[in-house]
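**Student:** For the sequence shown, position 126 (counting from the first letter as 1) is numbered 127 according to my numbering, and the numbering increases by one without interruption. Dropping the structure in here first, questions after.
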Amino acid sequence: MKTIKIIMNLRYKLLVLFVILTASIFPVNLQSQDQTNARGKGMSNASMVTSFGIDAFGINPANYYYNKYSTIKKPDKKTSVKMKKPQFEISIFSAGASLGSNADFNFYERYSDLISLNRENLVSTFTDVNKLREFTENILPEEKADVGFDVDVKWLSVNAVMPQVGALNFSISDKIALSTFIPGKEQTVPSTYNVILDPLTGRASLTDVELHQEEAQSSWIRKYSLGASKVFESKKGTIRSFTFGFAGALVHGFGDIHAYKSDFSLSTHGISYDENGVHVDSVTGMQNFNTQTSLTDYFKDFAGNPSSTRFTLFPEPAGVGYSIDFGFGMQIGNYVRIAASVTDYGKVKWTKNVFSNFDRGTFAYRNFYLNNNDPTYAQFIDDLKGSGSRNTTDHYWTDMPTKFRAGISYQPSDKFLMEIDWVKGNNNQPGNSTDHIVSLGSEYTPVEFMSLRAGTSIGGPAKIIFGLGVGFKTPVFSIDLAANAINQMIRNSRYSFSVSGKLLF
Numbered sequence: 002m003k004t005i006k007i008i009m010n011l012r013y014k015l016l017v018l019f020v021i022l023t024a025s026i027f028p029v030n031l032q033s034q035d036q037t038n039a040r041g042k043g044m045s046n047a048s049m050v051t052s053f054g055i056d057a058f059g060i061n062p063a064n065y066y067y068n069k070y071s072t073i074k075k076p077d078k079k080t081s082v083k084m085k086k087p088q089f090e091i092s093i094f095s096a097g098a099s100l101g102s103n104a105d106f107n108f109y110e111r112y113s114d115l116i117s118l119n120r121e122n123l124v125s126t127f128t129d130v131n132k133l134r135e136f137t138e139n140i141l142p143e144e145k146a147d148v149g150f151d152v153d154v155k156w157l158s159v160n161a162v163m164p165q166v167g168a169l170n171f172s173i174s175d176k177i178a179l180s181t182f183i184p185g186k187e188q189t190v191p192s193t194y195n196v197i198l199d200p201l202t203g204r205a206s207l208t209d210v211e212l213h214q215e216e217a218q219s220s221w222i223r224k225y226s227l228g229a230s231k232v233f234e235s236k237k238g239t240i241r242s243f244t245f246g247f248a249g250a251l252v253h254g255f256g257d258i259h260a261y262k263s264d265f266s267l268s269t270h271g272i273s274y275d276e277n278g279v280h281v282d283s284v285t286g287m288q289n290f291n292t293q294t295s296l297t298d299y300f301k302d303f304a305g306n307p308s309s310t311r312f313t314l315f316p317e318p319a320g321v322g323y324s325i326d327f328g329f330g331m332q333i334g335n336y337v338r339i340a341a342s343v344t345d346y347g348k349v350k351w352t353k354n355v356f357s358n359f360d361r362g363t364f365a366y367r368n369f370y371l372n373n374n375d376p377t378y379a380q381f382i383d384d385l386k387g388s389g390s391r392n393t394t395d396h397y398w399t400d401m402p403t404k405f406r407a408g409i410s411y412q413p414s415d416k417f418l419m420e421i422d423w424v425k426g427n428n429n430q431p432g433n434s435t436d437h438i439v440s441l442g443s444e445y446t447p448v449e450f451m452s453l454r455a456g457t458s459i460g461g462p463a464k465i466i467f468g469l470g471v472g473f474k475t476p477v478f479s480i481d482l483a484a485n486a487i488n489q490m491i492r493n494s495r496y497s498f499s500v501s502g503k504l505l506f
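Next comes the structure, spelled out in C-alpha cells:
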C-alpha cells in the first residue's frame, strides 16, 4: 500500500494543478465515464447515442461525424439542415474527475493512513487497544465500500467533418485512476480477536488480530488517438443513415500499481508503556501479500523527495501499448437513433522500474520498543515490508479498461430528446467495472441557445445516481455545466462535476 499511497498523493498534486490551470484556460470538464463530456454528465452518462464531434471521443467514434439529425448542429437553421462546407471543433485542455466512495468521501484517506504498508502505522494500530477499536468501530464501514478516484484530462481534441466524405478526430488524453473496495467491517478485521489485561503488571495483550484486504489498483496512462468516421445516407426507406467509426491510439503508461488480495495476522503479548515508549514482550504472526509495480522516474523522485519534485507534462513512459475503439450509429426514421461501441480494447507493456513483491510466511520477534532506533523493531518492519522478497522483472502486461456500450435515443422534435444506454466493462481495471450499468437521460431545449438536462443511472459501484446539467450554444462556441451523483454528494460520499466548452467554426 506504500506505493499506492504515493499514487494517491500524486493524484492530489496533479488534480490541484489541473484545477489551477483550468481557471485560466477555457474548456474544462469534471465528470465520470468519459470524464470530459459534460453534456453526457448532465444526462447521467446516457449520451453515447447522441454525443457528436469532440463529445464522442472515448464513447463512440462513429459519432465523430454529425449531420442534420445530430444534436451538435449549430443554432442556425440554414446550416443545421444541410452542411455544405467543412465543420471544425477545437477543445484545449479539458479535465474531469469523479472522486469518493459509497461510505464517505474521506473514508479511504483515513483507512490508508492507519494501515498503510509503510507498516509503522499498521503496527502502531494493531498493538494499541484504543487505536484498534477506533479503526474497527469508527473507520471501517459496516458493509462493502467501493472506492474510486478517476481523473481524466483531454489536453487537446480537434474534430473535422467533411460533408458527404467523413470525419477525422485527433485527441491527446490522460487518465489517472485508483480502484479498490473494502468488504466490510467484519470481513476486514474479524471481531474474533482477544484483548487481555494483566491486573498485576498492567500489561495488555492483543491476540488473533486479522486484517484482510482486497485488490487495489492505480494507474496513469496517456492516449495519442487518431480516429475517423464515415456516414452512408439514404433518401428513401426507414434507415436514413448508417455511420461507422474507428480510432486507434498509441498508449503511454506512466505508472501502474497492483496490490493483490492480502492477509495479515498478529498476536502481541506484554504491551507496556514507560519513559522510553511502547514496549512489547513478543509478537508473532503471518502475512501474505503480492504487489506488482512499474513507475516512471517521476514517481520514484516524488517518493524520495516530494517537495523538490518538478512536474513535467511529458515524463518518459514506463509502459507502451495500444488502444482501439470502434462503433456504429444508425438513424431510423426521423426520431429514433441506435448505436453501439467498444472502447479501449488494448494492452500496455510495462518495462521501466518493474518490480514485484511476494511474501508469504510467519514471523516472531521478542523484547523490543516500537521505535525506529530499536534494531529488533527495525528488522520487524523490514520483514513486514517484504524487503527480502522484492524482485525485479523485465516486463509485464496489463489490459486497457475495455467497455461495451449500446443505446437508443428518441428525438421527436428539436426541443426534446431522451436516451437509454447500457454499459459494461470486461475487467475491473482502474476507471472500469464489470457491473452492468443502465442510464436514462433527457435533454430539453426551451430556447435555441440553451438546453436543460437530467438523468439517472442504476448499477455499478455507485448503485444509483442522479445527474443535472445545462448547456449554452452559439454559432461559434458551446459551454456545458453538469453535476452527477447529486444524491451521493448530498451525503458527502462522491463528488462528480463537469464544465466543458469548445470552439465551433
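Think of the CB as a built atom: it goes at the ideal place given N, C-alpha and C, for glycine as much as any other residue.
Under 8 Å, with one C-beta from each stretch per pair, do the stretch 230-245 and the stretch 322-335 reach the 3-pair mark?
**Tutor:** yes
**Student:** Note down the Cα distance separating Y112 from G328, rounded to an integer number of angstroms.
**Tutor:** 41 Å
**Student:** Please tell me whether M44 and E449 are closer than 8 Å, where the distance is taken between their beta carbons.
**Tutor:** Their beta carbons are not under 8 Å apart, which means M44 does not touch E449 by this criterion.
**Student:** What separation, rounded to the nearest whole angstrom, lies between the Cα atoms of T202 and H270?
**Tutor:** 12 Å
**Student:** Taking the runs of the alpha helix (DSSP H) that are 4 residues or longer, which of them lie wholly in the stretch 455-493?
**Tutor:** 487-491
**Student:** Which residues in the same chain have their Cβ closer than 6 Å to the Cβ of I480, if we skip the five residues on either side of it in sequence?
**Tutor:** F473 and G502
**Student:** Return the residue from the list P318, V279, N277 and F265 that minimises the CA-CA distance to L296.
**Tutor:** P318
**Student:** Looking only at its own chain, which residues have a Cβ that is under 8 Å from the Cβ of P76, when we skip the five neighbours before and after it?
**Tutor:** With a pLDDT of only 38 at P76, under the threshold of 50, the placement of this residue in the model should not be trusted, and no figure is reported.
**Student:** Which residues share a DSSP beta bridge with K503?
**Tutor:** S479
**Student:** Over what stretch of residues does the beta strand (DSSP E) that includes V50 continue unbroken?
**Tutor:** From DSSP, V50 is part of no beta strand (DSSP E); its letter is neither H nor E.
**Student:** Name the two residues that bound the continuous alpha helix (DSSP H) containing S385.
**Tutor:** A quick correction: the sequence has Leu, not Ser, at residue 385. Segment P376 to K386, the alpha helix (DSSP H) holding L385.
**Student:** Within 8 Å, do at least three Cβ pairs link the stretch 430-443 to the stretch 376-390?
**Tutor:** no
**Student:** Apart from the five residues just before and just after L22, which ones in its own chain have a Cβ nearer than 6 Å to its Cβ?
**Tutor:** Because the pLDDT at L22 is just 32, under 50, the model does not fix this residue reliably, and the point stays unresolved.
**Student:** Based on the DSSP output, what are the partners of H396 in its beta bridges?
**Tutor:** Residue pairing by DSSP places H396 in no beta bridge whatsoever.
**Student:** Report all residues from its chain with a CB closer than 6 Å to the CB of S283; omit the five preceding and five following residues, and keep chain order.
**Tutor:** H270 and R367
**Student:** Report the three-state DSSP secondary structure of E144 (helix, strand or coil).
**Tutor:** coil
**Student:** Let me confirm a value: R507 is counted as buried when at least 16 other C-beta atoms fall within 10 Å, else exposed. Which label applies?
**Tutor:** Coverage of the chain is limited to positions 2 through 506, which leaves residue 507 absent and any answer about it impossible.
**Student:** Rounded to the nearest angstrom, how far is the Cβ of G460 from that of G468, given a contact under 8 Å?
**Tutor:** At roughly 14 Å, the Cβ-Cβ gap does not stay under 8 Å, so G460 and G468 are not in contact.
**Student:** Could you tell me how far apart the beta carbons of I487 and S458 are, in whole angstroms, since I believe they sit closer than 8 Å?
**Tutor:** About 12 Å; that fails the 8 Å criterion.
**Student:** What does a CB cutoff of less than 8 Å around Q380 pick up in its chain, not counting 5 residues either side in sequence?
**Tutor:** Y366
**Student:** For E211, which residues in the same chain have their Cβ closer than 6 Å to its Cβ, ignoring the five residues on either side in sequence?
**Tutor:** Excluding the 5 residues flanking it on each side, E211 has same chain C-beta neighbours closer than 6 Å at P191 and S266, in chain order.
**Student:** Shortest alpha-carbon distance to D153 belongs to which of G97, T208 and T137?
**Tutor:** G97
**Student:** Between which residues of its own chain and S180 is the CB-CB distance below 6 Å, once the five residues before and five after are set aside?
**Tutor:** G149, Q218 and P431
**Student:** Flag this pair as yes or no: are the beta carbons of I60 and S499 separated by less than 8 Å?
**Tutor:** no
**Student:** Taking the straight line between their C-alpha atoms, what separation do you get for M287 and E144?
**Tutor:** 26 Å
**Student:** Helix, strand or coil: how does DSSP classify F417 here?
**Tutor:** strand
**Student:** Leaving out the 5 sequence neighbours to the left and right, which residues in its chain are closer than 8 Å to L418 when beta-carbon positions are compared?
**Tutor:** T51, T72, S410, Y411, Q412, S443 and E444
**Student:** Across which residues does DSSP place T294 in a beta bridge pair?
**Tutor:** I258 and F356
**Student:** Name, in chain order, the residues that DSSP records as bridge partners for K155.
**Tutor:** S95 and S174
**Student:** List the endpoints of the continuous beta strand (DSSP E) containing R223.
**Tutor:** A217 to E234
**Student:** N524: which of G322, V279, D326 and D415 sits nearest, CA to CA?
**Tutor:** Because the chain spans 2 through 506 in this model, residue 524 falls outside it and cannot be assessed.
**Student:** Under three-state DSSP, which class holds L267?
**Tutor:** strand
**Student:** If we cut at 8 Å on Cβ distances, does F450 have a partner in chain C?
**Tutor:** In the structure shown, chain C cannot be found, because there is only a single protein chain.
**Student:** To the nearest angstrom, how far is the alpha carbon of G228 from that of M490?
**Tutor:** 35 Å
**Student:** Among Q165, S172, N122 and Y194, which residue has its Cα nearest to the Cα of W156?
**Tutor:** S172
**Student:** Measuring only the C-alpha atoms, how far is N289 from D383?
**Tutor:** Distance from the CA of N289 to the CA of D383, rounded to the nearest whole angstrom, comes to 15 Å.
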